[in-house]
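Q: For the sequence shown, this note's numbering begins at 386 and goes up steadily by one.
Sharing a structure below in structure tokens format, with a few things to ask.
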Amino acid sequence: MGNECSPVNAQRGIFVPLFGERLRAERERLGLGQQEMAEKCGVTMRSQRNYEKGERQPDAAYLAAFTALGGDVLFLLTGHGDQKMTDQSYRSTATDMTENTNPVTHSVAAEPLGEYRLNRREKALLENYRGSDEEGRRAMESTASALAHRDSAKKKGRQGVE
């Protein structure tokens, strides 16, 4: 009986190390150092380090502060959550797109960035784009541009009629 692993210990063996890794990944995604994250979430640097090592688990107040910073608690706790595009990943994608002379992609790349939450359709579109070769990417960009211009032309036409 002494060698058996209780459900709590079994969970800790699986949950805690992954939790710490996900916490570190989210902190890095947010562009924060350990000290800054600790301060913003109201804990000591030692506590932050222990969370990321998987030696301790944060309380609800920490998780609330983490969420207020833009952290994805669902991902943190389960490993599943919304795909987010940070400024850096968005800039990287936008920079790749601006190699094309398409004015729509240039205007998108020049926009102020932030954090975008993608729904399933948007995720699939982005995955298809990233999975395509250069010819496929250019075709997708041209198609998106043509459809966007068509839709904006329709809206302008309706405004003139009213």
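Here a beta-carbon is modelled for each residue, glycine too, at the ideal position from N, C-alpha and C.
Since R411 and F460 are thought to touch, with beta carbons under 8 Å apart, how far apart are those beta carbons, to the nearest angstrom?
A: In the sequence shown, residue 411 corresponds to position 26, counting from 1. In the sequence shown, residue 460 corresponds to position 75, counting from 1. One detail in the question is off: residue 411 reads as Glu in this sequence, not Arg. With a Cβ gap of about 7 Å, E411 and F460 count as contacting.
Q: Any contact of the region 439-446 with the region 413-425, i.e. 3+ C-beta pairs under 8 Å?
A: The region 439-446, when compared against the region 413-425, does not touch it at the 8 Å Cβ threshold.
Q: Tell whether a beta-carbon distance below 9 Å holds between G427 and A446.
A: Taking the sequence shown and counting its residues from 1, one reaches residue 427 at position 42. Taking the sequence shown and counting its residues from 1, one reaches residue 446 at position 61. For G427 and A446, yes; Cβs fall inside 9 Å.
Q: Indicate whether R522 and Y514 have their beta-carbon atoms separated by less than 9 Å.
A: Along the sequence shown, one-based indexing puts residue 522 at 137. Along the sequence shown, one-based indexing puts residue 514 at 129. Taking 9 Å as the Cβ cut-off, R522 and Y514 qualify as a contacting pair.
Q: State buried or exposed for G516, treating a residue as buried only when at least 16 other CB atoms are found within 10 Å of its CB.
A: Stepping through the sequence shown from its first residue, residue 516 is reached at position 131. Exposed.
Q: With DSSP collapsed to three states, give me the class of R502.
A: As a first step, residue 502 is located in the sequence shown; it is residue number 117 there, counting from the start. It is a strand residue.
Q: Quick check on DSSP: helix, strand or coil for V428?
A: By 1-based counting over the sequence shown, the position of residue 428 is 43. In this structure, V428 counts as coil in the three-state DSSP scheme.
Q: Which of the three DSSP states, helix, strand or coil, is assigned to E440?
A: Position 55 of the sequence shown, counted from the first residue, corresponds to residue 440. Here E440 sits in coil by DSSP.
Q: What does the alpha-carbon distance come out to for the pair A449 and A529?
A: As a first step, residue 449 is located in the sequence shown; it is residue number 64 there, counting from the start. As a first step, residue 529 is located in the sequence shown; it is residue number 144 there, counting from the start. So the two alpha carbons sit approximately 38 Å from each other.
Q: Consider the Cβ of S530: report whether some Cβ of chain C lies at a distance smaller than 9 Å.
A: Any reference to chain C falls outside this structure, which holds one protein chain only.
Q: Of the residues R434, E421, L408, which one's Cα is nearest the Cα of V458?
A: The residue labelled residue 458 in the question sits at position 73 within the sequence shown. Looking at the Cα atoms, L408 is the closest of the given residues.
Q: Whole angstroms is fine: what's the gap from R434's alpha carbon to E406's?
A: On the sequence shown, position 49 is the one that residue 434 refers to. On the sequence shown, position 21 is the one that residue 406 refers to. So the alpha carbons of these two residues sit roughly 11 Å apart.
Q: Express the C-alpha separation of E507 and F404 in angstroms, rounding to a whole number.
A: Taking the sequence shown and counting its residues from 1, the one referred to as residue 404 is at position 19. Taking the sequence shown and counting its residues from 1, the one referred to as residue 507 is at position 122. Cα-Cα distance, rounded: 27 Å.
Q: Looking only at its chain, what residues have a beta carbon closer than 7 Å to the beta carbon of L454, apart from the 5 residues adjacent to it on each side?
A: As a working mapping, residue 454 is identified with position 69 in the sequence shown. If we look at L454 and ignore the five residues flanking it on each side, its Cβ neighbours are L415, K425.
Q: Note down, in chain order, each residue of its chain lying with its Cβ closer than 7 Å to the Cβ of T452, except the 5 sequence neighbours on either side.
A: Your numbering for residue 452 matches position 67 in the sequence shown. Result list for T452: V458, in chain order.
Q: Residues in its own chain within less than 7 Å of A423 by CB, not counting five upstream and five downstream?
A: Sequence index remark: in the sequence shown, residue 423 carries index 38 (1-based). Answer for A423: T429, M430, S432, Q433, listed in chain order.
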